[in-house]
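*Asks:*
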Amino acid sequence: MEIEYQGINAEIVVPRHSPKRTLIMSAYQELEAKLDSLIELCLQLKRENQSLRARESSLAGERGKLLEQNEMARQKIETMINRLRNLNAE
Numbered sequence: 052m053e054i055e056y057q058g059i060n061a062e063i064v065v066p067r068h069s070p071k072r073t074l075i076m077s078a079y080q081e082l083e084a085k086l087d088s089l090i091e092l093c094l095q096l097k098r099e100n101q102s103l104r105a106r107e108s109s110l111a112g113e114r115g116k117l118l119e120q121n122e123m124a125r126q127k128i129e130t131m132i133n134r135l136r137n138l139n140a141e
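In my numbering, the protein residues as written are 52 to 141.
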């Protein structure tokens, strides 16, 4: 009995009408279904990971801009406070 899965060949010698053959084929089909599920899960996780990395990059850029704006606002407020202090001192 020859088994092929995604280009991988294996040959198992079992009589054609044996209960072992049925068990082996059943186990093979179950394994094949599990492998297909794992492959799909890996692809799904890969897509999700790519999406999360893109989102992380976007958020990091946004954070940088917000930090810069925050620093500019802090400097402006500090300048205004110093002006007010100077006006009160006069």
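Where a beta carbon is used, it is the ideal one built from N, C-alpha and C, also for glycine.
Reducing DSSP to helix, strand and coil, say where Ser69 ends up.
*Replies:* Locating residue 69 in the sequence shown gives position 18, counting from the first residue. Secondary structure of Ser69 (DSSP, three-state): coil.
*Asks:* Look up Glu141 in the DSSP assignment and say whether it is helix, strand or coil.
*Replies:* Residue mapping note: residue 141 aligns to position 90 of the sequence shown, counting from 1. Here Glu141 sits in coil by DSSP.
*Asks:* Given this structure, state the Cα-to-Cα distance separating Lys85 from Lys97, to the nearest angstrom.
*Replies:* Locating residue 85 in the sequence shown gives position 34, where the first residue counts as 1. Locating residue 97 in the sequence shown gives position 46, where the first residue counts as 1. The straight-line gap from Cα to Cα measures roughly 18 Å.
*Asks:* Residues in the same chain with beta-carbon distance under 6 Å from Ser77, minus the five sequence neighbours each way, listed in chain order, please.
*Replies:* As a first step, residue 77 must be located in the sequence shown, where it is residue number 26. Closer than 6 Å at the Cβ level, and outside the excluded window around Ser77, lies no residue.
*Asks:* CA-CA distance, Arg136 and Gln120?
*Replies:* As a first step, residue 136 must be located in the sequence shown, where it is residue number 85. As a first step, residue 120 must be located in the sequence shown, where it is residue number 69. Spanning the two alpha carbons is a distance of roughly 24 Å.
*Asks:* Roughly how many angstroms separate the alpha carbons of Arg134 and Met123, rounded to a whole number?
*Replies:* For the purposes of this step, residue 134 is taken as the residue at position 83 of the sequence shown. For the purposes of this step, residue 123 is taken as the residue at position 72 of the sequence shown. Approximately 17 Å, taken between the alpha carbons.
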